[in-house]
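Take a look at the structure set out below.
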Amino acid sequence: MKTNGITTKATAVVLSVAALFSGGCTSLKNTWDGMSQAGQGATAGGAAGAAIGTGVGALIGGGRGTWIGALVGGALGAGTGALIGNHMDRQKKALEEQFAQMQSQIDDNTAKADSNAQAIRDIKIESVKDSNNLEAIKLVLGNSVLFRTNSSSLSAAADAALSRVAYNLKQFPNTDVTIVGYTDNTGTQAINDKLSLERAQSVMTYLESQGIPAARMKALGDGWNNPIASNSTAEGRAQNRRVEIFITADKQMIQNAEQQAR
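Counting from 82, one number per residue, gives the positions in the sequence shown under the numbering used here.
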């Protein structure tokens, strides 16, 4: 069977990753887990920098087939990955500090009695890979923080969370933002697809109102797809109603990192 170069490289990467994290390589997996984002970026960049394409993008993007991150047309080396990993380390740390301050303020005043307080404390900031296998940041915001029930209008609590995101994006201008809305499985797929997109667009509109250029952002609705909990319980459905914000290196950051790595 005839395959193109990208497919061959993508297959090699998947097999390499599977080998690295197989049961016989526990020590290697522990080493990987203990690395900083910069270290992981350098390792991944060197091993898989050439694996660029929608196939890899679909795998890294959680199976959605959505390209998360700047679309680049060639291999990215270890040095590029390390430099971008360092940047993402700094931006993630700054974002964590900003949300920790917000959560501390909630604990210190009467807002801790509000039903949204726990949801604000449960906001997650995670390290992930974009479709170029470069380090990225994923911010997971529960639906109760952002929206009223069955609505795409932002709640009062949303301002506290999204203002921190906007501030962080202003501090680190060479990043792109992909906003993905999700729902539970209540109602029809068509309704949920529409609602999830409208909610992602509401977040994007808010960030734009805070001075983040629309050109840096895109909004997507993924409906009830990719649940993070079971939809068979009220608690699980509540977790699935969420917005995920992916912060990735833009083309300019990638170009700069490539030049510095030479």
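Note that CB positions come from ideal geometry on N, CA and C, so glycine has one too.
Assignment of Phe180 by DSSP, reduced to helix, strand and coil, places it in the helix class. Here Asp257 is buried, its C-beta having at least 16 other C-beta atoms within 10 Å. Within the stretch 216-291, the complete beta strand (DSSP E) runs of at least 3 residues fall at 216-223, 256-263.
In this structure, the straight-line span from the alpha carbon of Phe327 to that of Val221 is close to 9 Å. Counting along the chain, no beta strand (DSSP E) covers Arg318; the unbroken alpha helix (DSSP H) around it starts and ends at 315-321. Taking a cut-off of 8 Å on C-beta distances, the stretch 297-304 does not touch the stretch 224-236, as fewer than three cross pairs fall below it. If you check the CB distance, Asp331 and Asn255 come in under 7 Å. When DSSP states are grouped into helix, strand and coil, Leu301 belongs to the strand group. The straight-line gap separating the alpha-carbon atoms of Val261 and Met334 is approximately 23 Å. Taking the CA atoms as reference points, Gln270 sits about 22 Å from Trp148. Classified as exposed, Ala295 has fewer than 16 neighbouring CB atoms from the shown chains inside 10 Å of its CB.
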